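K.L.:
Mind having a look at this structure? Questions to follow.
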Amino acid sequence: MDALIVVPLVVTLFFLHYYLTDHDTPIDKDRKRFAEGIALFESGDYTAAYAYFDQKIKENRKSALAYEYRGKCNLQDGNLYSALYDFTEALSFDNTLVEVHLKKGLVHYELDEMNNAYLSLDKAVWFSRGENADALHWRTVVYQKLHPSLMTDRK
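Written out as structure tokens, the structure is:
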């Protein structure tokens, strides 16, 4: 008889817990909080976007998204080493960000650091499950630069 009361109660509590729990990831929450800065970046106002995300990093030092966008602003301004730092910091807080691995790999490529570029691009391919065409393309380009002897015609 107790089971007739306890089992429906537990099932009801389970469903209530599931539906009342916040399922947003920290990145999703940051996208909502930083919508103004993201809009600045997407509109091409990189200086204002940089200032915005720089301030957000001072307020919240563990925001992977803030570091990602500040890194993108640095990349747009040609500050490769600053962008590399920001991308590295972003990945230290969330290692699954495909776009950050891709951008970091491209920075390494620009700096002619092919081994590091390949590793970053390989992670971009891995975390995108092979569905990001840019990551696949650039990983192939870097691989060809690392192994030119494998790319010659064999007759």
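No gaps in the numbering here: position 18 of the sequence shown is 18 in the UniProt record's numbering, and each next residue is one more. Glycine included, every Cβ here is placed at the ideal spot set by N, Cα and C. For clarity, every value in this text was computed on a predicted model and none was experimentally measured.
Rounded to the nearest angstrom, how far is the Cβ of alanine 64 from that of leucine 97, given a contact under 8 Å?
P.N.:
Taking the sequence shown and counting its residues from 1, the one referred to as residue 64 is at position 64. Taking the sequence shown and counting its residues from 1, the one referred to as residue 97 is at position 97. That belief holds up - the Cβ atoms of alanine 64 and leucine 97 are roughly 6 Å apart, short of 8 Å.
K.L.:
By Cβ distance below 6 Å, which residues in the same chain neighbour glutamine 76 in space, the five residues on each side in sequence not counted?
P.N.:
Sequence index remark: in the sequence shown, residue 76 carries index 76 (1-based). If we look at glutamine 76 and ignore the five residues flanking it on each side, its Cβ neighbours are Tyr46.
K.L.:
Would tyrosine 69 and alanine 48 qualify as a contact pair, given that the criterion is a beta-carbon distance under 9 Å?
P.N.:
Counting from one through the sequence shown, the residue named residue 69 turns up at place 69. Counting from one through the sequence shown, the residue named residue 48 turns up at place 48. No; because the gap between Cβ atoms is not below 9 Å, this pair is not in contact.
K.L.:
Can you tell me where the alpha helix (DSSP H) holding histidine 137 begins and where it ends?
P.N.:
Taking the sequence shown and counting its residues from 1, the one referred to as residue 137 is at position 137. From DSSP, the alpha helix (DSSP H) with histidine 137 extends over 133-146.
K.L.:
Can you tell me which of the three DSSP states arginine 61 falls into?
P.N.:
Reading the sequence shown from its first residue, position 61 is the one you call residue 61. Three-state result, arginine 61: coil.
K.L.:
By a C-beta neighbour count over all protein chains shown, 10 Å radius and 16 as the cutoff for buried, is serine 43 buried or exposed?
P.N.:
Locating residue 43 in the sequence shown gives position 43, where the first residue counts as 1. Exposed: under 16 other Cβ atoms inside 10 Å.
K.L.:
Rounded to the nearest angstrom, what separates asparagine 79 and asparagine 60 at their Cα positions?
P.N.:
For this step, residue 79 is matched to residue 79 along the sequence shown. For this step, residue 60 is matched to residue 60 along the sequence shown. If I take the Cα positions, the gap works out to 23 Å.
K.L.:
Within this structure, are the beta carbons of lysine 103 and alanine 117 separated by less than 9 Å?
P.N.:
Your numbering for residue 103 matches position 103 in the sequence shown. Your numbering for residue 117 matches position 117 in the sequence shown. No, the Cβ-Cβ distance between lysine 103 and alanine 117 is not below 9 Å.
K.L.:
Is the separation between the beta-carbon of histidine 101 and that of alanine 135 shorter than 9 Å?
P.N.:
Translated into the one-based positions of the sequence shown, residue 101 becomes position 101. Translated into the one-based positions of the sequence shown, residue 135 becomes position 135. Contact: yes.
K.L.:
For glutamate 36, count neighbouring C-beta atoms within 10 Å of its own C-beta (all shown protein chains included) and say buried if the count is 16 or more, exposed if not.
P.N.:
Counting from one through the sequence shown, the residue named residue 36 turns up at place 36. Under this definition glutamate 36 is an exposed residue.
K.L.:
Just verifying my parser: in three-state terms, what is the DSSP assignment at arginine 70?
P.N.:
For the purposes of this step, residue 70 is identified with residue 70 of the sequence shown, where counting begins at 1. Correct three-state label for arginine 70: helix.
K.L.:
Starting from the C-beta of arginine 139, find all residues in its chain whose C-beta is less than 7 Å away, skip the five residues before and the five after it, and write them out in chain order.
P.N.:
In the sequence shown, residue 139 corresponds to position 139, counting from 1. Contacts found: Tyr118, Leu121, Asp122, Val125.
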